[in-house]
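Protein chains: 2
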Amino acid sequence: MAVTTPARERTRREIVRQAMDLFQAAGYNATSLQDIATAAGCSKATVLYHFSGKPAVLAAVLEPAAADVAELVRQLTALPPSETQEFAIRRFTDLAVLHRGVMDVIQDVIPVIENVPEIAGLVADGIRLTEYLAGSDDTLDRDLAKFAVNGLLGECRYPGERTDDELRRLCDTALRRLLRRD
Amino acid sequence: MAVTTPARERTRREIVRQAMDLFQAAGYNATSLQDIATAAGCSKATVLYHFSGKPAVLAAVLEPAAADVAELVRQLTALPPSETQEFAIRRFTDLAVLHRGVMDVIQDVIPVIENVPEIAGLVADGIRLTEYLAGSDDTLDRDLAKFAVNGLLGECRYPGERTDDELRRLCDTALRRLLRRD
DNA sequence: TTGAAAACTGGCCGATCGGTCAGTCAGGAT
DNA sequence: ATCCTGACTGACCGATCGGCCAGTTTTCAA
């Protein structure tokens with residue numbers, strides 16, 4: 699709680715903030731380091747002074763969401779199997795709304811995701827989460843869960859078109875129709 | 699037909715063939731004209747001799763699917779409203795399986811789709827098709843239809859993982875669970 | 001006040017991109 | 001035999017990319 703944020707942290711935060719907006723608006727691949735630097739009010743060299751490279755900027759943008767997903771997976775691991783699917787559906791909806799901007803960014807990264815080792819952890823957690831959403835080892839259930847995640851990612855694409863409440867309702871409805879087989 | 703395919707058509711076809719494979723494997727943005735030329739056994743200049751630019755190559759790759767979608771929309775227009783949703787679901791499933799490779803390619807183009815006027819027709823038809831899938835003007839129904847299309851696009855991403863029959867079953871199940879409200 | 005460390009930057013690099021262009025070449029028509 | 005034309009190509013272009021580095025400016029503890 700310093701009276702003034704140290705210069706390092708202040709600049710770093712601004713870079714991540716602006717990178718987030720640009721990644722959402724134009725996509726990761728279409729956003730250059732120069733774009734990020736200009737938006738953050740510094741030089742491209744400064745961006746590379748704070749981050750080891752473009753993928754590191756991406757990892758910093760995704761980090762809060764990645765942490766939440768990791769925590770969710772941790773909680774799911776400790777839950778009795780009978781409760782995991784319902785818990786996964788409910789909490790995944792929460793995270794999707796909370797981090798809808800990040801969901802948007804992820805869309806654009808998927809095609810080149812194997813070239814970005816910085817976010818391998820998030821990818822692995824996402825796969826585990828999908829398995830919990832499926833609720834069984836059945837191939838069709840697994841595929842439907844992946845279908846649901848893909849659909850949800852797509853729905854987060856256009857930020858201004860939906861309020862958080864609308865997104866929550868859509869997400870919840872879609873997941874329950876696709877996944878719940880009581 | 700002709701004993702020997704005219705050189706023009708032969709080269710053109712090979713370029714489209716190879717571009718299709720590369721777009722699927724690596725994505726449109728990550729595939730360079732040089733990549734396509736090398737795969738097709740000609741020079742980059744030859745690709746640009748046959749096509750006015752990279753977007754024109756994309757349009758040629760998508761053309762068969764675009765034609766089928768246009769035909770489907772035409773048929774839907776002439777159908778009584780009580781039959782359109784069921785017809786759309788059934789035929790859309792058919793087209794998704796038939797053109798699953800194209801569905802894969804489209805995924806990668808969506809972020810930059812507004813910069814590719816060559817495929818504006820396919821985009822417009824896709825939107826109209828989504829409206830028929832929704833079955834009503836209700837916002838949630840519309841969103842669920844878009845959700846379904848996004849999910850389906852995502853499921854076509856990894857070509858080798860599913861047989862056509864598995865994809866058909868998944869597609870049909872998911873669409874009916876999401877869309878049908880009887 | 002001062003000096004060393006931290007923060008920052010302009011300029012440059014090699015690579016790659018989509019695209020252009022002048023010119024080569026085979027082969028059918030005359 | 002000549003010419004013409006469609007198919008094709010190597011060389012090159014300007015732009016842009018991510019990244020690097022030497023050097024300048026700012027910060028802050030001693």
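Protein chains in written order, with my numbering: chain D, 699 to 880; chain S, 699 to 880.
Don't be surprised by glycine CBs; every beta carbon is placed ideally from N, CA and C.
Just how far apart, CA to CA, sit D/L770 and D/L777? Computed Cα separation, rounded: 11 angstroms.
Distance cutoff 8 angstroms, beta carbons only. Does S/R789 sit that close to anything in chain D? No - not a single Cβ of chain D is within 8 angstroms of the one on S/R789.
Taking 8 angstroms as the CB-CB limit, is S/K844 close to chain D? Yes, S/K844 counts as interfacial toward chain D.
In angstroms, rounded to a whole number, what distance separates the CA positions of S/A754 and S/D835? Between S/A754 and S/D835, the C-alpha separation is close to 35 angstroms.
Should S/E859 be listed as close to the ligand SAH, given that the test is whether its C-beta is under 7 angstroms from any heavy atom? The ligand SAH is not part of the structure shown, which contains no ligands of any sort.
Measure the alpha-carbon distance for D/Q805 versus D/L851 and round it to whole angstroms. D/L851 has its alpha-carbon roughly 6 angstroms from the corresponding atom of D/Q805.
Helix, strand or coil: how does DSSP classify S/P704 here? Judged by DSSP in its simplified three-state form, S/P704 adopts coil rather than helix or strand.
Selected residue, minimal CA-CA separation from S/A765, among S/H748, S/L831, S/H797 and S/Y856: Of the candidates S/H748, S/L831, S/H797 and S/Y856, the one whose C-alpha sits nearest the C-alpha of S/A765 is S/H797.
Can you list, in chain order, the residues of the segment 864 to 880 of chain D whose Cβ is nearer than 8 angstroms to any Cβ on chain S? With the criterion set as a beta carbon lying under 8 angstroms from some beta carbon of chain S, the members of the segment 864 to 880 of chain D are E864, R867, L868, T871, A872, R875 and L876, in sequence order.
According to DSSP, is D/G858 part of a helix, a strand, or is it coil? Looking at D/G858 - three-state DSSP - the assignment turns out to be helix.
Residues in the segment 802 to 813 of chain D having any Cβ partner in chain S nearer than 7 angstroms: Within the segment 802 to 813 of chain D, the qualifying residues are D806, P809 and V810.
Got a sec? Which residues, its chain only, sit under 6 angstroms from S/F749 by beta carbon, not counting five neighbours each side? Excluding positions up to five away in sequence, the list reads V755.
Taking 8 angstroms as the threshold (beta carbon to beta carbon), is S/G849 in contact with chain D? S/G849 counts as touching chain D.
Which stretch, first to last residue, makes up the alpha helix (DSSP H) that contains S/V810? Premise fails: S/V810 is in no alpha helix (DSSP H) and is neither H nor E.
Below 8 angstroms on the Cβ atoms is my contact criterion, and I expect D/V714 with D/A763 to pass it. Report the Cβ-Cβ distance as a whole number of Å. In this structure D/V714 is not in contact with D/A763, their Cβ atoms being roughly 12 angstroms apart against a cut-off of 8 angstroms.
Using a C-beta cutoff of 8 angstroms, does D/E853 count as contacting chain S? D/E853 has a beta carbon lying within less than 8 angstroms of a beta carbon in chain S.
Cutoff 8 angstroms: S/G725 Cβ touching any chain D Cβ: Closer than 8 angstroms: yes.
Look at the alpha carbon of S/L746 and the alpha carbon of S/P704, and state the distance between them as a whole number of angstroms. Taking the Cα positions, S/L746 is about 18 angstroms away from S/P704.
Cross-chain neighbours of S/D719 in chain D, by beta carbon under 9 angstroms: Near S/D719 there are no residues of chain D at all, since even the closest Cβ is about 15 angstroms away, more than 9 angstroms.
Express the C-alpha separation of D/D802 and D/R874 in angstroms, rounding to a whole number. Looking at the two C-alpha atoms, the distance is approximately 22 angstroms.
Please name the residue in D/E761, D/R867 and D/A738 whose C-alpha comes closest to that of D/R710. Selected option, being the one with the closest Cα: D/A738.
With DSSP collapsed to three states, give me the class of D/F785. Assignment of D/F785 by DSSP, reduced to helix, strand and coil, places it in the helix class.
Taking only beta-carbon positions, decide if S/A728 is within less than 8 angstroms of chain D. Cβ-Cβ to chain D under 8 angstroms: yes for S/A728.
Taking S/L838 as the query, report the chain D residues whose CB atoms sit under 9 angstroms from its CB, ordered along the chain. Under the 9 angstroms cutoff, chain D gives E864, R867, L868 and T871.
Whole runs of the alpha helix (DSSP H) within the segment 748 to 787 of chain S, excluding any shorter than 4 residues: Here the runs fully enclosed are 752 to 775.
Status (buried if at least 16 other CB within 10 Å, exposed otherwise) for S/D841: S/D841 should be labelled buried.
Which chain S residues are close to D/D733, counting only those with a beta carbon under 9 angstroms from its beta carbon? Correct list: empty, because the minimum Cβ distance to chain S is about 15 angstroms.
Chain S contacts from the segment 764 to 793 of chain D (Cβ-Cβ distance under 7 angstroms): Within the segment 764 to 793 of chain D, no residue has a Cβ lying closer than 7 angstroms to any Cβ of chain S.
Report yes if the C-beta distance between D/G725 and S/P809 is below 8 angstroms; otherwise report no. One thing to note: D/G725 has its Cβ within 8 angstroms of the Cβ of S/P809.
Taking the straight line between their C-alpha atoms, what separation do you get for S/E712 and D/R708? Straight through space, the alpha carbons of D/R708 and S/E712 are spaced by roughly 54 angstroms.
Establish whether the CB of S/D841 and some CB of chain D are separated by less than 8 angstroms. Yes, S/D841 lies at the interface with chain D (some Cβ there is under 8 angstroms from its Cβ).
If you run the structure through DSSP and keep just helix, strand and coil, what is S/A728? When secondary structure is reduced to three states using DSSP, S/A728 falls in the coil class, being assigned neither helix nor strand.
Please report the distance separating the alpha-carbon of D/P857 from that of D/S741. Distance between D/P857 and D/S741, taken at the CA atoms: about 28 angstroms.
According to DSSP, is D/R875 helix, strand or coil? Helix at D/R875.
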